[in-house]
Amino acid sequence: VQLQASGGGLVQAGGSLRLSCAASGKIFSNVIMGWYRQAPGKQRELVATITSGGSTRYEDSGKGRFTISRDNRKNTVYLQMDELKTEDTAVYFCIAERSSGLRYWGKGTLVTVSS
47 VQLQASGGGL VQAGGSLRLS CAASGKIFSN VIMGWYRQAP GKQRELVATI TSGGSTRYED
107 SGKGRFTISR DNRKNTVYLQ MDELKTEDTA VYFCIAERSS GLRYWGKGTL VTVSS
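The structure is reproduced here in structure tokens:
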């Protein structure tokens, strides 16, 4: 499974970005998809996940500001980020996780939020 993320960039605080991540290769049903991020000097942390059925989970950092969604026909997951803050600056990684727990990571996309 290969994951290709896109949509990162530079945005001012208060602005919005939409990240996309397309999965290709041997895709199985019931794959959880999601996003992690890693800020400079910090550990990688979970942002949000979504099941194939559409159930979502958000960590506190993005609740109320971020929206995760997916298109199962396209094997693509999205992260709409609104009201961005400087502390959202990080490299964002998408993941796909099988029911067995095997997790695939995509290359990150950099999000920089300026003040």
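The working numbering puts the first residue of the sequence shown at 47, with every later residue one more than the last. Even for Gly, the Cβ is constructed at its ideal location relative to N, Cα and C. Given the structure is predicted, the values throughout are model-derived calculations rather than measurements.
Which of helix, strand or coil DSSP assigns to residue i
i	result
residue 134	helix
residue 47	coil
residue 148	coil
residue 78	strand
residue 128	coil
residue 160	strand
residue 68	strand
residue 143	strand
residue 52	strand
CB of residue i within 7 Å of CB of residue j, strictly
i	j	result
residue 67	residue 123	yes
residue 85	residue 140	no
residue 55	residue 130	no
residue 65	residue 125	yes
Expected contact under 8 Å - CB spacing of residue i and residue j to nearest Å
i	j	result
residue 20	residue 81	The structure shown has nothing for residue 20, since the chain only spans 47 to 161.
Candidates the options, of which the one nearest residue i by Cα
i	options	result
residue 118	78, 47 and 57	78
residue 142	135, 132 and 116	116
residue 120	151, 71 and 106	71
residue 148	73, 111 and 59	73
residue 102	83, 145, 150 and 114	114
Opening and closing residue of the beta strand (DSSP E) in which residue i lies
i	result
residue 116	112–117
residue 91	91–96
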